[in-house]
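Chemist: Going by our numbering, the sequence shown opens with residue 26, and the numbers climb by one from there.
Cβ atoms here follow ideal geometry from the backbone N, Cα and C, with glycine treated the same way.
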Amino acid sequence: MFTVAQIEQAHEQVKSGADFPKYIQEIKAMGVLGFETWVNDSHTAYYGIDDYRTSSQPQYDDLLISDTTNKEKFASQLKLHQQGQTDYYTFCKDCAENGIEKWIVNLDEMTCIYYDKAGEKILVEQIPS
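1) For Gln102, I'd like the list of residues in its chain whose CB is within less than 6 Å of its CB, leaving aside the five on either flank, ordered along the chain.
2) Can you tell which of Glu134, Ala70, Phe45 has the C-alpha that lies nearest to the C-alpha of Pro83?
3) By DSSP, does Gly109 sit in helix, in strand, or in coil?
4) Report the three-state DSSP secondary structure of Gln151 (helix, strand or coil).
5) By the three-class DSSP mapping on this structure, what secondary structure does Ser91 have?
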């Protein structure tokens with residue numbers, strides 16, 4: 026089964042959102058079925074077969090998640106990130122400022138869903154293969 030260390034090694038190759046699809050394919054090949062990342066500190070829970078779970082440690086000091094969600098601004102900043110114009114930490118700060126609390130990736134459906142603090146779906150994206 027996969028380890029957080031293996032996933033983090035693959036993630037080190039991600040310099041921007043433009044690298045995300047390759048990263049997803051790599052961790053999917055390791056057996057990752059999905060994961061949930063919390064914006065406040067970027068800790069992530071990873072899921073595999075037979076109810077396998079493992080979690081990463083926080084990646085940075087806590088960010089304050091806005092109580093107000095700005096879907097349009099978030100979508101615009103997400104596009105910039107996907108085009109390689111921002112790094113991961115900047116993207117997480119953008120999420121926090123726009124009220125995004127977490128995202129959940131489902132590797133069977135190849136989706137990434139962004140949620141606000143109330144647990145509402147804010148944006149559903151199809152992950153390119």
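Modeler: Short version:
1) Asp119
2) Ala70
3) coil
4) strand
5) coil
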